[in-house]
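First residue of the sequence shown: 137, per my numbering; consecutive thereafter. Inspection log for the structure reproduced underneath, given as structure tokens.
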Amino acid sequence: MSDLSRPAGPRIIAVANQKGGVGKTTTAINLAAALAETGLRVLVVDLDPQGNASTGLGIEDRDVTTYELLVDDAPLNAVIQRTSIPGLSIVPATVDLSSADIELMANEKRSFLLHDALRQTAMDAFGWDYILIDCPPSLNLLTVNAMVAAHSVLVPLQSEFFALEGLSQLMLTIREVRQAANPDLRIEGVVLTMYDKRNNLSQQVEKDARDNLGELVFETRIPRNVRVSEAPSYAMPVLSYDPNSLGAIAYRDLAVELLKKHNKIAA
């Protein structure tokens, strides 16, 4: 364990951006792995019907998933699986989750299902320090569930043209969830992904993001790195696939920056 103290109870962070292909799942699994590497106990909740976080963490057995957790009220010990990384577990997902939006519409507590599932008394026995929710690339009922359950939202922002355009809609959704269901929800921060320091566009997106969002933008930037792209095909985070790659180093830096920020808030 690093000299950074553990949070009091699990900190729940939704990793969200309704735009696809921004490095959302990559950020969720690699930040989770980096936090686990410091000695923390981390749970990833795969809330994306594509199940990429589950694939990226090498989970093949997906008989009981987030679908059963939300729709069938499955017990936690049935849905949580350990990964090959010490201290890191996951609630996997399959394409079944894509029908959850429709099936949950009739449930009057439909926006609070994940909130309630993650706050069962049975959760205490696991001793999680962080829970990262990998949201689908849309602002649907699953994403709303994640935001109602979470303490904060981490937004991966691709360093490309139009990157900031979709951000206003996401911020609006966060504001609506605050007003309707989770007044304490805050923005954890924005992390620039697929960043190429040699590229003028990346630099311009960073300048625009920092000008508009100020301290909400993490200092750590995740570089465009072939090792980061290759790692999921080997069913592992880049921290396991190539621990010394630029991508792995960047996600470790992001984890440290996140922990320092939380220590500062707790102080």
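Where a beta carbon is used, it is the ideal one built from N, C-alpha and C, also for glycine. It should be emphasised that the depicted structure is a prediction, and the values quoted were computed from it without experimental measurement.
Item to check | Cβ separation of Ala152 and Thr279, assumed to be a contact under 8 Å, to the nearest whole Å | outcome: About 6 Å separates the Cβ atoms of Ala152 and Thr279, confirming a contact at the 8 Å cut-off.
Next on the checklist: Would Lys160 and Pro292 qualify as a contact pair, given that the criterion is a beta-carbon distance under 8 Å?
Outcome noted: Contact flag set, yes.
Next on the checklist: Helix, strand or coil, according to DSSP, for Arg334 in the structure here?
Outcome noted: Coil, per DSSP.
Checklist entry - Sorted by chain position, which residues of the same chain lie with C-beta nearer than 7 Å to Lys155's C-beta, five sequence neighbours on each side aside? => result Leaving aside the five residues that flank Lys155 on each side, the residues in its chain whose CB is nearer than 7 Å to its CB run, in chain order, Pro273, Gly302.
Checklist entry - If you drop the 5 nearest sequence neighbours on each side, which residues of the same chain put their C-beta closer than 6 Å to that of Arg177? => result For Arg177, the CB contacts under 6 Å within the same chain, skipping 5 residues up- and downstream, are Gly223, Gly263, Trp264, Asp265 in chain order.
Checklist entry - Going by Cα to Cα distance, which pick from Ala150, Ile148, Ala210, Val158 is closest to Ser295? => result Out of Ala150, Ile148, Ala210, Val158, Val158 has the C-alpha closest to the C-alpha of Ser295.
Item to check | Cβ shell of Arg147 (< 8 Å), same chain only, five flanking positions each side left out | outcome: Counting only Cβ-Cβ distances below 8 Å, and skipping sequence neighbours, we find Asp265, Tyr266, Ile267, His287, Ser288, His398.
Checklist entry - Which stretch, first to last residue, makes up the alpha helix (DSSP H) that contains Ala150? => result Careful: Ala150 lies outside any alpha helix (DSSP H), inside the beta strand (DSSP E) at 147-151.
Item to check | Burial state of Pro379, where buried means 16 or more other Cβ atoms lie within 10 Å | outcome: Pro379 comes out exposed.
Item to check | Delimiting residues of the alpha helix (DSSP H) encompassing Glu204 | outcome: Where Glu204 is concerned, the enclosing alpha helix (DSSP H) stretches over 202-207.
Checklist entry - Would you say Leu375 and Ala170 are within 8 Å of each other, going by their C-beta atoms? => result Taking the C-beta atoms as reference points, Ala170 is found nearer than 8 Å to Leu375.
Checklist entry - Do the CB positions of Asn166 and Tyr387 come within less than 8 Å of each other? => result Yes, the pair counts as a contact, with Cβ atoms nearer than the cut-off.
Checklist entry - In whole angstroms, what separates the C-alpha of Leu337 from that of Ala261? => result Taken atom to atom, the span from the alpha-carbon of Leu337 to that of Ala261 is near 47 Å.
Next on the checklist: Comparing C-alpha positions only, which one of Ser225, Lys343, Leu240, Pro373 sits nearest to Met259?
Outcome noted: Nearest C-alpha to Met259: Ser225.
Checklist entry - Residue range of the beta strand (DSSP E) that Ile358 falls in? => result Counting along the chain, Ile358 sits inside the beta strand (DSSP E) bounded by residues 353-359.
Next on the checklist: For Ala299, tell me which candidate among Arg198, Glu355, Glu342 has the shortest Cα-Cα distance.
Outcome noted: If we check each option's Cα against that of Ala299, Glu342 comes out closest.
Checklist entry - Would DSSP call Gly117 helix, strand or coil? => result Outside the shown range of the chain, which is 137 to 403, sits residue 117, and nothing can be said about it.
Item to check | Bridge-paired residues (DSSP) for Ile269 | outcome: Its beta-bridge partners are Ala150, Val181.
Item to check | Segment limits, alpha helix (DSSP H) that includes Ser365 | outcome: In the DSSP annotation of this structure, the continuous segment of the alpha helix (DSSP H) that includes Ser365 starts and ends at 362-366.
Next on the checklist: Buried or exposed, going by whether 16 or more other CB atoms sit within 10 Å of the CB of Met372?
Outcome noted: Here Met372 is buried, its C-beta having at least 16 other C-beta atoms within 10 Å.
Item to check | Residue interval of the beta strand (DSSP E) (run including Val289) | outcome: Per DSSP, the continuous beta strand (DSSP E) segment holding Val289 begins and ends at 288-294.
Next on the checklist: So, under 8 Å CB-CB, Val181 and Thr201 are touching, yes? Tell me the CB distance rounded to an integer number of Å.
Outcome noted: Actually they do not touch by this definition, with Cβ atoms about 10 Å apart.
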